[in-house]
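Residue 239 in our numbering is what sits at position 185 of the sequence shown, and the numbering runs on without skipping anything. For every residue, glycine included, the Cβ atom is placed at its ideal position computed from N, Cα and C. Since we're looking at a predicted model, the values are computed, not measured.
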Amino acid sequence: MSIFELAADEASAYESDGFVIRENVFSSAEIARLGEAAERAVALAARLGRQGKTYTLDGNRFVDADHLTIQYEHGPASETIRVIEPVHELDAELDALIDDPRIVEPMCDLVGCEQVSLWTGKLNLKRPREGSGFRWHQDSPYWIHDSSHVDRLPNVLITLDDATEANGCMRIIRGSHTNGCLPGIGDGSQLEGFFTDPACFDETQQVPLVVAAGSLVFFHPHSVHGSQPNASDVARRALILTYQPAGFPMLKSGELRNAVVPNGGVS
Ligand SMILES: O=C(O)CCC(=O)C(=O)O
Numbered sequence: 055m056s057i058f059e060l061a062a063d064e065a066s067a068y069e070s071d072g073f074v075i076r077e078n079v080f081s082s083a084e085i086a087r088l089g090e091a092a093e094r095a096v097a098l099a100a101r102l103g104r105q106g107k108t109y110t111l112d113g114n115r116f117v118d119a120d121h122l123t124i125q126y127e128h129g130p131a132s133e134t135i136r137v138i139e140p141v142h143e144l145d146a147e148l149d150a151l152i153d154d155p156r157i158v159e160p161m162c163d164l165v166g167c168e169q170v171s172l173w174t175g176k177l178n179l180k181r182p183r184e185g186s187g188f189r190w191h192q193d194s195p196y197w198i199h200d201s202s203h204v205d206r207l208p209n210v211l212i213t214l215d216d217a218t219e220a221n222g223c224m225r226i227i228r229g230s231h232t233n234g235c236l237p238g239i240g241d242g243s244q245l246e247g248f249f250t251d252p253a254c255f256d257e258t259q260q261v262p263l264v265v266a267a268g269s270l271v272f273f274h275p276h277s278v279h280g281s282q283p284n285a286s287d288v289a290r291r292a293l294i295l296t297y298q299p300a301g302f303p304m305l306k307s308g309e310l311r312n313a314v315v316p317n318g319g320v321s
């Protein structure tokens, strides 16, 4: 048995709830280093963003710089970066995280493969008092046209700061992953297909993911999730990495990034 693989109770929680939490996986020193790496990536993205192609979706500003997408905060003319995808390309330390056995071994169990590759990786920043919320959505409708195995794209949220209700922790609807891609809100907005119709899930089943920095939350690509704005004076930064079976290209670059299995897979 590999040290970090999912225990039977964790696997059954993932199956029934659509998510499983592992708290305090990374030490505070590791999280401090990852936080610095994240800020280096933000500085680089800010520079790249100045040369990119700007567009708006439902009034919010996005910039594409080659295959990198940078989302800006929703306030008028805000220069604050909200999301960077794919972020691992911007910093070697973030790239190395893709191979961390604490992530890769559980991911092999969730994908159902001996080896996995990266599908995409995001940095969500939620700056103090400014970080906006995410409406209820599933990730799978964003990916359905680019992947033939959308059911096998599990995510892991890696918290870089303590996540609380006040700073807009992510929330998951327990059990909402069981019916595939759900209908969108259909309100005429540009992203109407991506935000989930509230009639199709039970909001009372939401679980606020209040976890310390350095925790992992593995969650299903069909899980309905979202979050409130950051109403506090402290940041709520998090990375989200998404894996798939080995040998498939990544979402945005089309390149292959297999995860290196520790000890050649023998543990
Ligand atoms: O970071 C959050 O609170 C939500 C992120 C999210 O829903 C996403 O990136 O798909």
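Neighbourhood of residue i by C-beta distance below 8 Å, restricted to the same chain and skipping five residues each side
{"i": "residue 319", "result": "In this prediction, residue 319 has a pLDDT of 48, which is less than 50 and means its spatial position is unreliable; what the coordinates show is noted afterwards. The answer, listed in chain order, is 168, 169."}
{"i": "residue 82", "result": "267, 268"}
{"i": "residue 87", "result": "147"}
{"i": "residue 9", "result": "Absent from the model: residue 9. The displayed extent of the chain is 55 to 321, so no value can be given."}
{"i": "residue 134", "result": "126, 127, 179, 181, 184"}
Contacting residues, own chain, Cβ-Cβ under 7 Å from residue i (five flanking each side not counted)
{"i": "residue 79", "result": "156, 268, 269, 270"}
{"i": "residue 109", "result": "116"}
{"i": "residue 158", "result": "170, 313, 315"}
{"i": "residue 153", "result": "313, 314"}
{"i": "residue 220", "result": "285, 286"}
{"i": "residue 58", "result": "155, 156, 159, 160"}
Enclosing beta strand (DSSP E) for residue i [first to last residue]
{"i": "residue 137", "result": "135 to 139"}
{"i": "residue 231", "result": "Per DSSP, residue 231 belongs to no beta strand (DSSP E) and is neither H nor E."}
{"i": "residue 74", "result": "73 to 76"}
{"i": "residue 189", "result": "188 to 191"}
Collapsed DSSP secondary structure at residue i in the structure displayed
{"i": "residue 265", "result": "strand"}
{"i": "residue 258", "result": "helix"}
{"i": "residue 280", "result": "strand"}
{"i": "residue 293", "result": "strand"}
{"i": "residue 321", "result": "Residue placement at residue 321 cannot be trusted, given a pLDDT of 39 that sits under 50; the coordinates are not used to answer."}
{"i": "residue 252", "result": "helix"}
{"i": "residue 89", "result": "helix"}
{"i": "residue 271", "result": "strand"}
{"i": "residue 303", "result": "strand"}
6 Å Cβ shell around residue i - same chain, five flanking residues per side excluded
{"i": "residue 69", "result": "none"}
{"i": "residue 321", "result": "Bear in mind that the predicted position of residue 321 carries a pLDDT of just 39, short of 50, making it unreliable; the figure below should be weighed with that in mind. 56, listed in sequence order."}
{"i": "residue 216", "result": "266, 267"}
{"i": "residue 213", "result": "265, 267, 269, 292"}
{"i": "residue 258", "result": "none"}
{"i": "residue 188", "result": "280, 281"}
{"i": "residue 74", "result": "64, 67, 68, 272"}
{"i": "residue 306", "result": "121, 140"}
Check: residue i C-beta below 6 Å from any heavy atom of ligand 2
{"i": "residue 279", "result": "No copy of ligand 2 appears in this structure; the ligands present are ligand 1."}
Quiz item: Using 8 Å as the threshold, is the stretch 268 to 281 in touch with the stretch 228 to 243, meaning 3 or more CB pairs across them?
Solution: yes
Quiz item: Is the number of C-beta pairs between the stretch 283 to 298 and the stretch 206 to 219 that are closer than 8 Å three or more?
Solution: yes
Quiz item: Which runs of the beta strand (DSSP E) spanning at least 3 residues fall entirely within the stretch 99 to 179, listed in chain order?
Solution: 107 to 111, 114 to 119, 122 to 126, 135 to 139, 170 to 178
Quiz item: So does the stretch 304 to 315 actually touch the stretch 240 to 250, counting three or more Cβ pairs closer than 8 Å?
Solution: no
Quiz item: Residue ranges of each beta strand (DSSP E) run of no fewer than 3 residues wholly in the stretch 198 to 228, ordered along the chain?
Solution: 209 to 213, 224 to 227
Self-check item: At least three beta-carbon pairs within less than 8 Å, the stretch 89 to 100 to the stretch 190 to 200
Solution: no
Quiz item: Are the stretch 138 to 155 and the stretch 249 to 266 touching, with three or more C-beta to C-beta distances below 8 Å?
Solution: no
Self-check item: Sufficient close CB pairs (3 or more, under 8 Å) joining the stretch 280 to 291 to the stretch 178 to 193
Solution: yes
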